[in-house]
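K.L.:
If you want this note's numbering, it's the position in the sequence shown, counting the first as 1, plus 774. Think of the CB as a built atom: it goes at the ideal place given N, C-alpha and C, for glycine as much as any other residue. Nothing here was measured: the structure is a model prediction, and the numbers come from that model. Before I ask anything, let me first share the structure, which is written out below as structure tokens.
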Amino acid sequence: MAEPSSPLAGLRVLDLSRLLPGPYATLVLADLGATVDTVEDPDVGDATRHMPPHRDGEGALYYGLHRNKRSLALNLKSPEGRDALLRLVPHYDVLVESFRPGVMDKLGVGEAVLRQKNPRLIYCAISGYGQTGPDRLKAGHDLNYVARAGLLGYGGEAGGAPAFPGVQMADIGGGSLFALVGILAALHERERTGVGRFVDVSMTDGALAFLHLHLASRLFMGAEGTPLARGSEALNGGYPSYGLYRTSDDRWLAVGALEPKFFGALCAKLGRPELLDDAYSGGEDGARVKAELTRIFASQPLAHWREQLSGAEFCVEPVAEGDEVLADPQLRARGLFVETDDAQRGIRVTHLLTPLRMGDVALRPPPTLGQHSRVILEAAGFTAEEISRLIA
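In structure tokens, the structure reads:
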């Protein structure tokens, strides 16, 4: 259980979600002190338990997403499992699920039914395209959502292919983080009204938010504006002062010296102050500055530029590769990587903490499948005979 000093101590969350978006959202809640009980299929558990890579037969992805949680094995497709869920819901503040729209209703445990059991329940549904619209039932994954939202089309070199994202922007940014915002907002509202709320999170909608700055500008300009263009605008590769440059040892520098004061300092350090004059010009002038920067940075290895441009006023960072991020002194100083002993498994593990932390985080290892079924059901008033029947 959470320490009383934890911000979300006393908050109870029932997590029916799978894979990444929902479990990461509830991981943040658990790290902040909420009691998170994950409902898993009794036969196979969460799919991440079985996804490679494995350590001693256990999926690393599951381990990374389910610390500080408890596991309840429950077959929601059976009448017994359905009835058990209905009896559990009154004991929770928040329920999170990530099924396709309509699945919970088919199981007999949709939002309307659960609301009758617990009017104060915050019900958060995370799906690819949301609960409404013509594509609400369409299958998809992160790559589909960022494609649909325009993120893929906006990244990459002008005239080239879209840049393949290395991370799950729609899952985490569009799904997990907006789910957290919705849940916390609904909890605040409940303090005033005493009534819960349905939180509809579309990962595609959430991914679109990453284009807010650019689309808002486009919409404001109306007929006078131009459509968003890949690789040719200020923040997606069009400005020489905001881009990626290869070094002589095939490493990369991220130059983010967008403002003139930063880019001017960089040009002076490189001995080419005149490059500032055309840094914000389009066409041939801007291309000439970019070509010259490409030549300069390609003349020396990354170590040289790391030493030369380590000052606070250049807005230049090396692109971390592989495990380099694990040794980053700034991230280490922020306490993002914490080593613990998992006595349950007899292993030592390094945890990547969630970035939002308010006080110390108690790190309990992820549960085995159904590890807490009995204690969770007992606390909800199930008899020993009922628990044995459900577990069997």
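(1) With a CB to CB cut of under 7 Å and the five nearest residues on each side skipped, what residues in its chain are close to Gln942?
(2) Going by DSSP in three states, Val1093 sits in which element: helix, strand or coil?
(3) Pull the bridge partners of Val1123 from the DSSP assignment, please.
(4) Taking DSSP's pairing of strands, which residues face Ala812 in a bridge?
(5) CB Phe1055 to CB Leu1032, shorter than 8 Å?
(6) Kindly list the residues whose CB is nearer than 6 Å to the CB of Ile900, restricted to its own chain and excluding five residues on each side of it in sequence; keep chain order.
(7) Decide yes or no for the touch test of the stretch 843 to 853 against the stretch 1135 to 1154: beta carbon pairs closer than 8 Å, at least 3 of them.
(8) Pick helix, strand or coil for Val818, following the three-state DSSP scheme.
(9) For Asp1097, which of Arg889, Asp1134, Leu1126 has the nearest alpha-carbon?
(10) When DSSP labels each residue in this structure, what does Asp974 get in the three-state scheme?
(11) With Arg823 as the anchor, note down where its alpha helix (DSSP H) starts and where it stops.
(12) Please report the distance separating the alpha-carbon of Val818 from that of Phe1156.
(13) Does DSSP put Leu869 in a helix, in a strand, or in coil?
(14) Beta carbon of Tyr866, beta carbon of Arg971: below 8 Å?
(15) What is the rounded straight-line gap between the Cα of Pro1034 and the Cα of Cys1041?
(16) Please classify His840 as buried or exposed, where buried requires at least 16 neighbouring CB atoms within 10 angstroms.
(17) Cα separation between Gly1038 and Glu1048?
(18) Below 8 Å CB to CB, which residues in the same chain sit around Ala1094 once its five sequence neighbours on both sides are set aside?
(19) Run through DSSP, which three-state label would Val1029 get?
(20) Name the DSSP bridge partner or partners of Ile957?
(21) Using the Cβ count rule (16 or more neighbours within 10 Å means buried), how would you classify Asp805?
(22) Pick helix, strand or coil for Gly996, following the three-state DSSP scheme.
(23) If I follow the unbroken beta strand (DSSP E) through Phe1045, where does it start and stop?
P.N.:
Short version:
(1) The answer, listed in chain order, is Leu794, Asp916.
(2) Three-state DSSP puts Val1093 in coil, outside helix and strand.
(3) Val1123 has Thr1114 as its beta-bridge partners, per DSSP.
(4) The question names Ala, but residue 812 is Thr in the sequence shown. Looking at the DSSP assignment, Thr812 forms a beta bridge with Asp789, Ser845.
(5) First, the amino acid is wrong: residue 1055 is Ser here, not Phe. Their beta carbons are not under 8 Å apart, which means Ser1055 does not touch Leu1032 by this criterion.
(6) For Ile900, the CB contacts under 6 Å within the same chain, skipping 5 residues up- and downstream, are Pro795, Gly796, Ser872, Gly949, Ala953, Val975 in chain order.
(7) Contact between the stretch 843 to 853 and the stretch 1135 to 1154 is present: 3 or more CB-CB pairs across the two stretches fall below 8 Å.
(8) Reduced to three states, the DSSP call for Val818 is coil.
(9) Minimum Cα distance to Asp1097 is reached at Leu1126.
(10) Here Asp974 carries a strand assignment [DSSP, helix/strand/coil].
(11) Looking at the DSSP string, Arg823 is not in any alpha helix (DSSP H), and its letter there is neither H nor E.
(12) Answer to the nearest angstrom: the Cα atoms are 24 Å apart.
(13) When secondary structure is reduced to three states using DSSP, Leu869 falls in the strand class.
(14) Result no, Cβ atoms of Tyr866 and Arg971 do not sit closer than 8 Å.
(15) Straight-line Cα distance between these residues: approximately 10 Å.
(16) Around the C-beta of His840, 16 or more other C-beta atoms lie within 10 Å, and the residue is accordingly described as buried.
(17) One C-alpha to the other measures close to 9 Å.
(18) Around Ala1094: Asp1102.
(19) Correct three-state label for Val1029: strand.
(20) According to DSSP, which records beta bridges pairwise, Ile957 is partnered with nothing at all.
(21) Buried, by the Cβ-count rule.
(22) Under the three-state reduction of DSSP output, Gly996 falls in the helix class.
(23) Note that residue 1045 corresponds to Gly in the displayed sequence, not to Phe. Gly1045 -> no beta strand (DSSP E), and no H or E assigned at all.
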